[in-house]
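In this note's numbering, the protein residues as written are 19 to 421. The beta carbon of each residue, even a glycine, is placed where N, CA and C say it ideally should be. This structure is a prediction, so every number in the text was calculated from the model and none was measured. This report concerns only the one structure given below.
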């Protein structure tokens with residue numbers, strides 16, 4: 019599946035109708051969560067029946083397309099199933115008990131409730147929410163795909179406007195020629211990553227650069243009266259700053275991941291537990307700003323797209339072991355140079371990247387096997403070495419038009 023996103027242009031009344039549709043989807047989801055809380059053990063079929071009862075009871079729910087209501091039910095059950103799955107796995111800490119949503123930002127239609135124009139430049143929503151016809155602004159060409167390939171359509175509200183996403187069933191694989199190169203990557207805070215060839219990519223620090231502007235906008239919000247129109251405007255301007263930073267971080271991760279994967283046949287990287295790393299309050303802001311998870315996500319996606327091998331290895335002792343003789347040289351985070359008794363001297367991150375590549379190559383026979391994930395709608399994923407990152411299989415492509 020791939021995702022094509024367009025900016026939606028319409029009138030103020032249409033935007034109000036979109037907001038109402040989003041609120042209705044939130045209402046259905048929260049009602050399903052409450053029904054599950056009051057009737058433990060109910061499954062997805064019972065929630066579908068409850069949704070039918072909601073449509074009969076509330077006129078504003080009936081005005082929303084029936085498939086859009088079903089999607090809200092599926093989102094509710096997804097949270098319930100994830101909670102049960104975490105309990106079965108005896109996951110440490112919080113299990114993700116389903117919560118009520120109070121700031122929903124999207125509504126999702128299936129194959130009904132919408133209609134594209136002949137030019138594929140406008141979309142009309144045909145349910146009783148009276149959203150009507152919206153213009154689609156973007157660089158993607160929907161004429162390239164058949165209508166039956168569009169499986170779902172999302173309406174999304176962001177700080178800078180409204181967007182329409184098309185989820186399309188299409189093959190994203192690209193045939194490429196082998197390069198004969200392998201590479202190991204060690205991500206860090208001083209440098210975004212250092213590879214096994216000694217090249218370092220500087221950290222962009224988007225959050226820290228935009229932090230001054232963000233604090234200014236936050237002060238403006240705190241000075242406005244709660245519930246006033248000026249406060250809503252100030253909140254929107256603050257949201258735009260956050261949105262710009264998140265987009266910068268995501269685009270940076272995409273660009274680097276694509277370049278790395280296209281230039282190598284095998285890419286090895288650390289299987290880091292970001293959730294555990296951010297518990298260090300001294301480094302949490304820098305770790306989140308680095309965007310390691312986004313970078314890994316796009317490495318795995320482009321690996322599948324271009325038919326390259328991506329390997330996640332256990333990061334234990336990769337910074338301590340000598341890449342020349344294998345001896346363990348203990349060092350603190352402040353020590354940035356690896357100095358071994360064998361006389362080998364190298365940058366700490368460069369040494370770690372070489373060790374990561376060696377670990378991947380020692381088990382590369384396992385990574386060459388492609389396995390089908392039953393929950394990924396037919397997508398293929400490479401077998402990873404070490405612990406598996408939760409949600410490593412991304413069935414949706416959200417590439418930028420610039421890539």
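For residue 123, the closest alpha carbon among the candidates 337, 273 and 173 is that of 173. Our two residues, residue 335 and residue 348, have alpha carbons roughly 9 Å apart in a direct line. By the Cβ neighbour-count rule, residue 329 is buried, with 16 or more other Cβ atoms within 10 Å of its own. Beta-bridge partners assigned by DSSP to residue 172: 126 and 183. In this structure, the alpha-carbon of residue 369 lies about 41 Å from that of residue 257. Within the segment 126-160, the complete beta strand (DSSP E) runs of at least 3 residues fall at 132-134, 140-143 and 150-155. Unbroken beta strand (DSSP E) stretches of 3 residues or longer found wholly inside the segment 196-269: 200-205, 209-213 and 218-220, given in chain order.
The C-beta of residue 340 has 16 or more other C-beta atoms within 10 Å across all chains shown, which makes the residue buried. In this structure, residue 323 lies away from residue 197, with their beta-carbon atoms at least 8 Å apart. Of the residues 212, 267, 213 and 171, the one whose Cα lies closest to the Cα of residue 313 is 267.
When the alpha-carbon of residue 371 is set against those of 104, 218, 245 and 42, the nearest one is in 218. DSSP places residue 375 within a helical segment (H, G or I) once states are collapsed to three. Judged by DSSP in its simplified three-state form, residue 191 adopts coil rather than helix or strand.
If you draw a straight line from the Cα of residue 194 to the Cα of residue 320, it is about 12 Å long. Per DSSP, residue 318 lies in no beta strand (DSSP E) segment; the continuous alpha helix (DSSP H) that holds it begins and ends at 310-323. The three-state secondary structure of residue 302, taken from DSSP, is helix.
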